[in-house]
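Worksheet: the structure to be examined is printed underneath.
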Amino acid sequence: YPVDRAAGDENNSMELIQQYLENYYNLGKDVKPFVRRRDSGPVVEKIREMQKFLGLEVTGKVDSDTLAMMRRPRCGVPDVGD
Amino acid sequence: FTTFPGMPKWRKTHLTYRIMNYTPDLPRDAVDSAIEKALNVWKEVTPLTFSRTDEGEADIKISFAVRDHGDFNPFDGPGNVLGHAYPPGPGIYGDAHFDDDEQWTRDTSGTNLFLVAAHELGHSLGLFHSANPSALMYPVYNVLTDLARFHLSQDDVNGIQSLYGGPPSDSSSDPVVPTESVPPEPGTPAACDPTLSFDAISTLRGEILFFKDRHFWRKSLRTLEPGFYLISSFWPSLPSGLDAAYEETSKDIVFIFKGNQFWAMRGTEVQAGYPKGIHTLGFPPTVRKIDAAVFDKEKKKTYFFVGDKYWRYDEKRQSMEPGFPKQIAEDFPGVDSKVDAAFEAFGFYYFFNGSSQLEFDPNAKKVTHVLKSNSWLNC
C-alpha cells in the first residue's frame, strides 16, 4: 500500500504541476512534464518563471515549498500575460 | 504590479455594478456589504466611483457559479481557484466570478469574500497580478490578512493610480473640493495643543475631518501632514461650532448636525431639502442636540450619542430602531463619559471626550487603546 500511495501522490503532483503551469504560466498543453535534462526544457523554465514570480527560491525544481504554493487557493487569472 | 496586456482601463470614472446572484453561504446583506467594501478599497485611492444597479447591463457584473459557467473558464470545485475576473471592456469584460464551491465567509474561517472580491475587482479595473507578496493583487489567497486593519499595499496603489490617477481630493485643480490649507491666525485652534478637543469628526471619501469651531483639519491616511481649512471654504452655508457628523459611505453623503438641525452633503454640495429637523429622524422632543454620531458600514446603522445614552438608526429602513435609547456604558464598556465626537476606522470606533480618545473594538466590546484626542494630527 505505501508504495502504491507514493506512486499515486507523485502522479497527482505531476498532474498538478502540469495543470498549474498550463493554466497560469502559459505552458503549452503538448509539452510533456517529464524532463530528463536537468536544467533546461520548457517545464523547468516555466517552474523557474513561476518561482521567480511568486517570490520562491528559483531552483527550477518542484521542491516542497513550490508544491505547497501550487496547492494554496488562488485567483484563476493567469500570472503571466498571453 | 502589472496591468493586462494592452493596458485596458475604463474610459469613464463612474462605473456601475450589478450583483447577479448570491451564494447560499452568506446572507444577502453580507454579500452586498463585502462587494461594496471591496469597491471602496479602490474608490478611496482613485477618482473612480461606483453605483449599484439591480437590473439591465452593468459595467461590472458579479456572480457566483460552480464548474462550467458559460465563459470557457470552468471552476474546479472546492479549493484552488477561488474566483476570476475580466479586464475592463464591454460585455463579459469587467465581470467578476466567484467559485461557489468555496465556503464563503465574512471572517477567515472559510474563504473571506471581501478579500477575494477586492482582488477580483482589481482585475475588473485593469490590474493584472502583482509579484509582491504583500500586495492585494498577489495571486495567492492570504488567509493571514488582518481584515480589521486591511489596507492596500503601496504596490496596489501605484498600480491602480498608474491607470486612473489619484483621488480628486489629491488634485489641486479639483473644482469641487478645495485643497489649499488656510494659514493659522490668532485665535485659531492649534493641532498640537494638549488640551485640544473636537466638536465633531467624520470620514469623507477615505479621509477624516476633525471639526473645531470655524475650522477643520483634513487628514488623509496617504499623507503625513493634515490640512487645515475654514468650514465655510468647503460649505459656505454651514454654521460653525458643529455638534456631530458622520459619513453614510454607501450613499456618499456626510450628515452634519448642529442644534436641532442637520444637513446632508455630497462632496461640497448641500443636498436639496436640507437642513431638516433632527426629530424627523425619530428623536423624542426632549433631545435638543446630538453630541456625536458614527456610522457602522457593515450593519448600515448609525449610532447617535446624546448625554450618557445612545440611539441606533437603521439607514436601510430609514427609521430609529425600537428599544432605544440605551446607556452608552452598557453596550460600549469603558466609554463612561459623554462623547464629543466619534468616527469609525479600520473596524474600530474612536470616541472623543475633551482631550482624550478611546479606541473601541466593537467585536471584542472593549476599549483597546487610550490616546490623546489629537493623535491623528501627528502630535
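Chains A and B supply the protein sequences, listed in that same order.
Heads up, the final residue of the first sequence is numbered 120 in the numbering used here, and it's a clean run with no missing numbers.
Heads up, the final residue of the second sequence is numbered 436 in the numbering used here, and it's a clean run with no missing numbers.
No residue lacks a Cβ here, since even glycine has one placed at the ideal position from N, Cα and C.
Just so you know, these numbers come straight off a predicted model, no measurement behind them.
Q) For Thr325 (chain B), which option in B:Ala95, B:Ser290, B:Phe61, B:Ile117 has the closest C-alpha, if you only look at C-alpha atoms? A) Within the second sequence, numbered from 1, the residue matching residue 325 (chain B) stands at position 268. Nearest to Thr325 (chain B) by C-alpha distance, out of B:Ala95, B:Ser290, B:Phe61, B:Ile117, is B:Ser290.
(Q) Residues of the region 195–216 of chain B in Cβ contact with chain A at a cutoff of 7 Å, in chain order, please. (A) Pro196, Val197, Tyr198
Q. Does Arg86 (chain A) have its Cβ less than 8 Å from a Cβ in chain B?
A. In the first sequence, counting from the first residue as 1, residue 86 (chain A) sits at position 48. Not an interface residue.
Q) Counting only beta-carbon atoms, is Val73 (chain A) nearer than 8 Å to chain B? A) Mapped onto the first sequence, residue 73 (chain A) falls at position 35. The predicted model places Val73 (chain A) with a pLDDT of 49, which falls under 50 and marks its position as unreliable; any figure quoted below should be read in that light. Chain B, which has no Cβ nearer than 8 Å to the Cβ of Val73 (chain A), makes this no.
Q) In chain order, what residues of the same chain lie with their CB nearer than 7 Å to the CB of Gly98 (chain A), ignoring the 5 residues before and after it? A) Mapped onto the first sequence, residue 98 (chain A) falls at position 60. Cβ within range, chain order: Asp77, Val82, Ile85, Arg86.
Q.
What does the alpha-carbon distance come out to for the pair Ile149 (chain B) and Pro390 (chain B)?
A. Within the second sequence, the letter at position 92 stands for residue 149 (chain B). Within the second sequence, the letter at position 333 stands for residue 390 (chain B). Taking the straight line from one Cα to the other gives about 49 Å.
Q: Below 9 Å between beta carbons is the criterion; list the residues of the region 84–107 of chain B that meet it against any residue of chain A, in chain order.
A: none
Q. Would a check of beta-carbon distances place Ala153 (chain B) closer than 8 Å to chain D?
A. Among the chains of the structure shown, chain D does not appear; the protein chains present are A and B.
Q.
For Gly316 (chain B), list the residues DSSP reports as bridge partners.
A. Position 259 of the second sequence, counted from the first residue, corresponds to residue 316 (chain B). Beta-bridge pairing by DSSP links Gly316 (chain B) to no other residue.
Q) Under 8 Å between C-beta atoms, does Asp117 (chain A) make it to chain B? A) For the purposes of this step, residue 117 (chain A) is identified with residue 79 of the first sequence, where counting begins at 1. Yes, its Cβ sits closer than 8 Å to a Cβ of chain B.
Q) Near Asn410 (chain B), what residues of its chain come up, given a Cβ to Cβ distance below 7 Å and the 5 sequence neighbours on each side ignored? A) On the second sequence, position 353 is the one that residue 410 (chain B) refers to. Closer than 7 Å at the Cβ level, and outside the excluded window around Asn410 (chain B), lie Ser394, Lys395, Val396, Asp397.
Q. When the cut-off is 8 Å and only beta carbons count, does Val138 (chain B) lie next to chain A?
A. Against the second sequence, residue 138 (chain B) aligns to sequence position 81. At least one C-beta of chain A is nearer than 8 Å to the C-beta of Val138 (chain B).
Q) Closest to Phe314 (chain B) by CA distance: which of B:Gln414, B:Leu287, B:Val344, B:Tyr286 is it? A) Sequence index remark: in the second sequence, residue 314 (chain B) carries index 257 (1-based). Closest in C-alpha terms to Phe314 (chain B), from the list B:Gln414, B:Leu287, B:Val344, B:Tyr286, comes B:Val344.
Q) In whole angstroms, what separates the C-alpha of Thr110 (chain B) from that of Trp67 (chain B)? A) By 1-based counting over the second sequence, the position of residue 110 (chain B) is 53. By 1-based counting over the second sequence, the position of residue 67 (chain B) is 10. Their backbone Cα atoms lie some 18 Å apart in a straight line.
Q: Compare the C-alpha of Asp256 (chain B) against each of B:Ile347, B:Pro144, B:Val88, B:Glu372 and name the closest.
A: For the purposes of this step, residue 256 (chain B) is taken as the residue at position 199 of the second sequence. The residue with the shortest Cα to Cα distance from Asp256 (chain B) is B:Ile347.
(Q) Strictly below 9 Å CB to CB, what residues from chain B border Leu92 (chain A)? (A) The count along the first sequence starts at 1 and reaches residue 92 (chain A) at position 54. Neighbours of Leu92 (chain A) on chain B, chain order: Ala188, Pro190, Tyr195, Pro196, Val197.
Q. In chain A, what lies closer than 8 Å to Asn130 (chain B) by C-beta?
A. Position 73 of the second sequence, counting from 1, holds the residue named residue 130 (chain B). Chain A residues near Asn130 (chain B): Gly114.
**Q.** Contact set between the region 163–182 of chain B and chain A, restricted to residues whose Cβ is under 9 Å from the partner
**A.** Thr168, Val173, His176, Glu177, His180
Q: Determine the closest residue to Pro419 (chain B) out of B:Asn435, B:Ala402, B:Glu264, B:Ser432, with distance taken between C-alpha atoms.
A: To locate residue 419 (chain B), count along the second sequence from 1; it is residue 362. Ranking the options by Cα distance to Pro419 (chain B), first place goes to B:Ala402.
Q. Going along the chain, which residues of its own chain have a beta-carbon closer than 8 Å to the beta-carbon of Val96 (chain A), five neighbours each way excluded?
A. Walking along the first sequence from the start, residue 96 (chain A) turns up at place 58. Once the five neighbours on either side are set aside, the close Cβ partners of Val96 (chain A) are Arg86, Gln89, Lys90.
(Q) Closer than 7 Å between beta carbons: that is the criterion. Which residues of the region 50–62 of chain A meet it against chain B? (A) Hits within the stretch: zero.
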